[in-house]
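Asker: The opening residue of the sequence shown carries number 3 in my numbering; numbering runs sequentially from there.
Yeah, the Cβ is synthetic: ideal placement off N, Cα and C, and Gly gets one too.
In this text, all values refer to a predicted model and were calculated from it rather than measured experimentally.
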Amino acid sequence: MTDLRAWQLAFLKQTRADWETYQRIDDPTWPACHRLHLLQMAAEKLGKALLVAGDMSLERITHTHAAFVKFLRVALNNHNLQKGLGMTYSQLKAHFTRLLPIANEIEVLAPTLAQDGPNPEYPWPDKTGHILVPVDYSFPLMKLLQSPQGAQLLRHIRYFLVEFEKLFF
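#1: Does any residue of chain D bring its CB to less than 8 Å from the CB of Pro-122?
#2: Take the Cβ of Leu-48 as the centre, count every other Cβ of all protein chains shown within 10 Å, and call the residue buried at 16 or more, exposed below.
#3: Using only the alpha-carbon positions, how far apart do His-39 and Arg-157 sit?
#4: With DSSP as the reference, label Leu-134 as helix, strand or coil.
#5: Let me know the alpha helix (DSSP H) ranges lying completely inside the region 96-137, each 4 residues or longer, listed in chain order.
#6: Measuring alpha carbon to alpha carbon, tell me which of Leu-52, Met-89, Ala-105 ends up nearest Ser-149.
#7: Since Pro-187 and Tyr-124 are thought to touch, with beta carbons under 8 Å apart, how far apart are those beta carbons, to the nearest angstrom?
#8: Check each candidate in Val-137, Gly-86, Arg-160 and name the one with the smallest Cα separation from Thr-31.
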């Protein structure tokens, strides 16, 4: 097994664990910040599992949080994915284009990408200097995830994780 394949499998294994935990706590009784944190981590590592097999260096992949949107942009070129979803390249591109804004909202939950803004891990100041706490914050992304596009993106993440080896190996 190549070193990159080992990294790919490691990211995939951790992604599946994060996703399973997200699924277990995806319930309104859990704080949105915890649910979104797990979703963000699963999406990021899913992206890294695919990107590590591409032309990005391992060092760059392991030091970035911006991987999920890139994953979707790269994945749309995958013939196995097109076939699995029953879409042509053009159809899949249009479909993913509609999902990218929500994917981006998931991605920028990472504190380094949130840039002193809303994130599910750490408090941040608002424009007046008042400190906001993730557990008390009403994340607009929660409503987006309940929209048809949000629900579709979550179904796709589940599909990618179940079929990853068949689609991307």
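Answerer: According to the structure data:
#1: The chain labelled as chain D is not found in the depicted structure, where only one protein chain is given.
#2: Around the beta-carbon of Leu-48, 16 or more other beta-carbon atoms lie within 10 Å, marking it buried.
#3: Their Cα atoms are separated by approximately 18 Å.
#4: Reduced to three states, the DSSP call for Leu-134 is strand.
#5: With a minimum length of 4 residues, the continuous alpha helix (DSSP H) runs that stay inside the region 96-137 are 113-116.
#6: Of the candidates Leu-52, Met-89, Ala-105, the one whose C-alpha sits nearest the C-alpha of Ser-149 is Ala-105.
#7: The displayed coordinates of the chain run from 3 to 171. Any statement about residue 187 would go beyond what the structure contains.
#8: Distance check between Thr-31 and each of Val-137, Gly-86, Arg-160 places Val-137 closest, using alpha-carbon atoms only.
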